[in-house]
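A quick write-up on the structure given underneath.
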Amino acid sequence: IFKKVTAGVRPAVLERIADKETTEFIEMCIATDPADRKESADLLRAPFLTSDSELDKSPVEVRDAQLTPLPEEGSAASTALSVVTHQPSHARLPLGAAVPADDANGEMAAL
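Here is the structure:
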């Protein structure tokens, strides 16, 4: 890419970039004519660097936005959910505790 850019050839890979802001930013960065080349301060103000996008969000923010809210406390759906997800107290381990190995029959060893 460096050889092509310094020779004044536009890299073909730019055709495969779907995002217009990204392509424009790269083209501003690789302009070989000093009259067309942007100053670094101008590049730092480019929409590619300043606009909010999904990529700016942390994976947790994106995941949380995609989660379905839990049903209201006390609703029929909430009651059904608690029955399905209830685990006996003996199946809970303290944080950091080692999980016991299964016995020969595939049963979980007693805690």
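In the numbering used here, each residue carries its 1-based index in the sequence shown increased by 2. Each residue gets a CB set at the ideal place from its N, CA and C atoms; glycine is no exception. As the structure is a prediction and not an experimental result, all values here were calculated from the model.
Could you work out which residue in E17, L69, V11 and A43 is closest to D35 when comparing CA atoms only?
In this structure, V11 is the residue among E17, L69, V11 and A43 with its C-alpha nearest to the C-alpha of D35.
Please state whether DSSP places S116 in a helix, a strand or coil.
With the chain represented from 3 up to 113, any question about residue 116 goes unanswered, as that position is not in the structure.
Rounded separation between S42 and F27 - CA only:
Rounded to the nearest angstrom, the two C-alpha atoms are 12 Å apart.
Taking the C-alpha atoms as reference points, what is the distance between L72 and A20?
Distance from the CA of L72 to the CA of A20, rounded to the nearest whole angstrom, comes to 36 Å.
What number of angstroms, rounded off, separates the C-alpha of V38 from the C-alpha of S53?
In the sequence as presented, Val is not what sits at residue 38; that position holds Asp. The C-alpha of D38 lies about 23 Å from the C-alpha of S53.
By DSSP, does R18 sit in helix, in strand, or in coil?
Helix.
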